[in-house]
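For reference, the structure discussed in these notes is given below.
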Amino acid sequence: MSLLSYIIRRLFLMIFVLFGVSLLVFTVMMLMPPGMRVAAYVTSDRVTPEMMDAMIAKYGLNDPAPVQYIRWIGNLLHGQFGYSITASAPVLTGFMQFFPTTLELVLYAAPLIILVGIFLGTIGAVHKDEPLDHGTRIFAIIGYSLPTFWLGLLLMMILYGFAGLFPPGSLSNSAHEVVNAPGYHQYTHLLTIDAILNWRWDIFWDAFYRLILPTVNLVIINSALIMRLMRSSMLESLGQDYVMTARAKGADSRTLYLKHARRNAMLPVITVSGLTFAGLMSGAVITETIFDRKGIGWWTARAALQLDVAAIMFNVLFLGVIYVVINLIVDLIYAYVDPRVRLS
Amino acid sequence: MGTPVQTVTPPKVHPRLDEFLFTARRFIKNPLSVIGLSLILVFGVIALLAPVLEPPKYPDSFKMPHSGWKIEPSPPSAEHPLGTTQQQYDMLYGMIWGTRSAFKIGVLVVAANLLIGILLGAVAGYFGGAIDEIIMRVTDVFYAIPFLVMAMALVVAIGRGLKAVIIVLIILEWPSYTRVLRSDILVTRNKDFILASRASGASHLRVILTHILPNAMYSVLILASLNIGATILTAAALSFLGLGSDTGVADWGQIVSMGRNWIVGAPGNRFAYWYTVFVPGFVISLFVLGWNLLGDAVRDVFDPKVRRR
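So the sequences go chain by chain: R and H.
Residue numbers for the first sequence follow the numbering used here, so the first one is 1 and each next one is one higher.
Residue numbers for the second sequence follow the numbering used here, so the first one is 345 and each next one is one higher.
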């Protein structure tokens, strides 16, 4: 199969999955009574029951499900996602406000998670059944077993509560004032990037300092999966004929491990790395809640407690779309670097 | 040319028993497996003996007793060996009865998922064709949705509580079981002994139940044992976010979330309330660690790819 026809087939499949995701999200929404779903249209907190009933009738929340689905999809395509009580703004406005915080954390955490995973996995495979291997495996199983919220709270208790380091939040009050003052350009809304672009290293440090603990939390919990995959993939790769040949030809072990074996062993890791990136977007709910970083995870958690239906459903849908798109990109990269994938 | 006659010594014990002993020996040889099993056994005993260890004070035994309404947690004392949470809920009581909640969540969710996964996976894998296509595309959709966020949305939709958490985890986790069983069945389906069985007139149901499932079950059982820990972590996370049980119910995740307000201690003593967060989180970690070690052990022992090496 040529690369082009592979891409076309995958795009077709993606549209199908997106339709399925929208159907699933809609089904979850329809599980809620109309009185709950009407929250997406309520923009003030002074609403009488009569006004609610009028709104339910106006927006057709008692219509047959297929009719409502088509109307809902139409609204989505027109960019109408409803009103979020927790953001006190239309959902899209709220999203634009919260998303950069999540993106910034993920942009720091994801590469670190992947690097730490690949590094520890390689060490484990190269030193199989030696103390170093056991050490990395114990690290992995602990990472698997610790609740994210507990590790986060312990880190906070010791480093912030006791030692007074690494305060929660995403900026100090004074830095917050600087960022919102006229003359400071928020090009990307990513705090550290904007700080560099404005050449304000004090702001950069302020934001970066507060990113450290949440990043460490995510790395400890999430690198175990990649580490395990890398270890088994590397072990398999070390047993291949071409590695044996290189060894027989006298390649020194460093070249052997890093150049010959690891390159091929990294292939399966590409897939999981992409998914890690997508998964972190939703997986940051707990970390954001604990470290008081106002991103979409924090927002969704708040929305869930206050029955802010519009915000929750939008975030599920958005994160689903992100996941599908990243998955597609990863598969295309994979098909490009490993021709065996498209041939099968 | 006479080949040397091979004398086959008949095994002293029944072959099945021999296999079992081999498995048991492999299991015991790995210290991590033994640690995992011991942890789960200890938790199991605690859950069983909960009414003896901490006699319930209310008709609903999952309701934690509390002495007074004082906001600040009290440190460990003779009366409260593990201290109290905020509003004076006894920590030890919460930990002991929380073990029952945790077992309930883990076992119910995984058992229901095994059932659904086996049913749908067997149908999809054995019959193939349109029904296979439909079931697999549905699992694709489930794989695409963000797990924790969708779980939160579903809990909101069907109403908060421990029961809702269990239902939601069942709804969201079945696809992986279905996929694993299906791909195993695809391998088994075309083996000669299946064709022989069909040819001799066995019904589809009989072939699935007596020939296919016993041979294709292992992967899905391994998945189940590895998944219990993750399931309990997700349930605890939902409770921590305030979407699980009500305040005062013996549920570990919920007890950690009560401790959240106390991570910064009193002015003179920064670690004044360390136990409110440390104790429940540590217990969750031990429980999950036990299942994960046990799951790894089950995989190493049963997975044919690792087994005989």
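Quick reminder that beta carbons are idealized off the backbone N, C-alpha and C, glycines included.
Three-state secondary structure (DSSP) of residue i
i       : result
S84(R)  : strand
E363(H) : helix
V593(H) : strand
T43(R)  : coil
H189(R) : coil
I70(R)  : helix
W345(R) : Missing from the structure shown is residue 345(R); chain R here goes from 1 to 344 and no further.
R653(H) : Residue placement at R653(H) cannot be trusted, given a pLDDT of 44 that sits under 50; what the coordinates show is reported in the next sentence. Coil, per DSSP.
R293(R) : coil
G625(H) : helix
M345(H) : The pLDDT assigned to M345(H) is 46, lower than 50, so where the model puts this residue is not dependable; a value taken from the coordinates is nonetheless given after this. Coil.
K128(R) : coil
D194(R) : helix
K507(H) : helix
D404(H) : coil
I607(H) : coil
V389(H) : helix
A422(H) : coil
H176(R) : helix
R614(H) : coil
M32(R)  : coil
Y323(R) : helix
L146(R) : coil
I333(R) : helix
N559(H) : helix
V316(R) : helix
Y184(R) : coil
P395(H) : helix
S2(R)   : coil
N374(H) : coil
Which residues DSSP lists as bridging residue i, in chain order
i       : result
Y433(H) : H410(H)
P90(R)  : Y83(R)
T428(H) : D434(H)
Contact list for residue i against chain H, beta-carbon separation under 9 angstroms
i       : result
I141(R) : L376, L633, N636, L637, D640
V91(R)  : Going along chain H, no residue has its Cβ under 9 angstroms from V91(R), so there is no contact; the nearest lies around 14 angstroms.
M32(R)  : V500, A501, I502
I286(R) : L492, A581, F584, L585
Proximal residues of chain R, C-beta to C-beta of residue i below 8 angstroms
i       : result
P618(H) : In the sequence on display, residue 618(H) carries Trp and not Pro. Under the 8 angstroms cutoff, chain R gives M157.
F371(H) : By Cβ distance, chain R contributes nothing, its closest Cβ being about 17 angstroms from F371(H), past 8 angstroms.
F447(H) : Residues of chain R passing the Cβ test: none, with the nearest at roughly 17 angstroms.
L475(H) : Rather than Leu, the amino acid found at residue 475(H) in this sequence is Ile. The contacting residues do not exist; I475(H) stays about 17 angstroms from chain R at best.
Heavy atom of the ligand GTP within 7 angstroms of residue i beta-carbon
i       : result
P268(R) : The model on display carries no ligand, and the ligand GTP is accordingly not part of it.
Chain-ordered neighbours of residue i on chain H, where CB pairs are closer than 7 angstroms
i       : result
N315(R) : V493
G320(R) : A488, I489, P490
H307(R) : Reading off the sequence shown, one finds Leu at residue 307(R), where the question assumed His. Simply V500.
G283(R) : L492
L24(R)  : V485, I489
Interface residues of chain R facing residue i [CB-CB closer than 9 angstroms]
i       : result
F615(H) : M157, I158, G161, F162
G625(H) : L146, P147, F149, W150, L151, L153, L154
F484(H) : With the sequence shown as reference, residue 484(H) is identified as Asp, and Phe is not the correct amino acid for it. Going along chain R in sequence order, the residues near D484(H) (Cβ under 9 angstroms) are L13, F16, V17, G20.
M439(H) : Under the 9 angstroms cutoff, chain R gives no residues; its nearest Cβ is about 14 angstroms from M439(H).
Amino acids of chain R, ordered along the chain, whose beta-carbon sits closer than 7 angstroms to that of residue i
i       : result
S629(H) : S145, L146, P147, W150
L577(H) : P147
M480(H) : Under the 7 angstroms cutoff, chain R gives no residues; its nearest Cβ is about 11 angstroms from M480(H).
Proximal residues of chain H, C-beta to C-beta of residue i below 8 angstroms
i       : result
L112(R) : Within chain H, no residue comes near L112(R); the closest Cβ sits about 21 angstroms away, beyond 8 angstroms.
T289(R) : L585
A57(R)  : Within chain H, no residue comes near A57(R); the closest Cβ sits about 22 angstroms away, beyond 8 angstroms.
Y323(R) : A488, I489, P490
T136(R) : Ordered by position in chain H, no residue passes the 8 angstroms Cβ test against T136(R), which lies about 14 angstroms from the chain.
Which parts of the region 515-547 of chain H are runs of the alpha helix (DSSP H), unbroken and 4 residues or longer, counting only runs that do not cross its ends?
-> 536-543
Pick out the complete alpha helix (DSSP H) segments inside the region 211-282 of chain R, 4 residues or longer, and give them in chain order.
-> Within the region 211-282 of chain R, the complete alpha helix (DSSP H) runs of at least 4 residues are 241-248, 262-265.
Three or more beta-carbon pairs under 8 angstroms between the region 431-442 of chain H and the region 615-628 of chain H, yes or no?
-> Contact holds: three or more Cβ-Cβ distances are below 8 angstroms.
Would you be able to state if there are at least three C-beta pairs under 8 angstroms between the region 212-230 of chain R and the region 276-289 of chain R?
-> With the cut-off at 8 angstroms, the region 276-289 of chain R and the region 212-230 of chain R touch.
Indicate whether the contact test is met: 3 or more Cβ pairs, each with one atom in the region 150-167 of chain R and one in the region 242-261 of chain R, closer than 8 angstroms.
-> no
Is it true that the region 18-25 of chain R meets the region 482-497 of chain H, where meeting means three or more beta-carbon pairs spaced less than 8 angstroms apart?
-> Contact check between the region 18-25 of chain R and the region 482-497 of chain H: three or more CB pairs, one atom from each, fall below 8 angstroms, which counts as touching.
Examine the Cβ distances between the region 75-90 of chain R and the region 299-318 of chain R and report whether three or more of them are shorter than 8 angstroms.
-> As far as the Cβ criterion goes, the region 75-90 of chain R touches the region 299-318 of chain R, which means the pair count is three or higher.
Can you find at least 3 beta carbon pairs, one from the region 476-493 of chain H and one from the region 513-521 of chain H, that sit closer than 8 angstroms?
-> Here the region 476-493 of chain H makes contact with the region 513-521 of chain H; the two share three or more CB pairs at distances below 8 angstroms.
Go through the region 445-502 of chain H residue by residue and report every complete run of the alpha helix (DSSP H) that reaches 4 residues or more, in order.
-> For the region 445-502 of chain H, whole alpha helix (DSSP H) runs of length 4 or above, ordered along the chain, are 473-488, 491-502.
Indicate whether the contact test is met: 3 or more Cβ pairs, each with one atom in the region 51-67 of chain R and one in the region 33-42 of chain R, closer than 8 angstroms.
-> yes
Given 8 angstroms as the limit, is there contact between the region 523-534 of chain H and the region 552-561 of chain H, that is, 3 or more CB pairs closer than that?
-> yes
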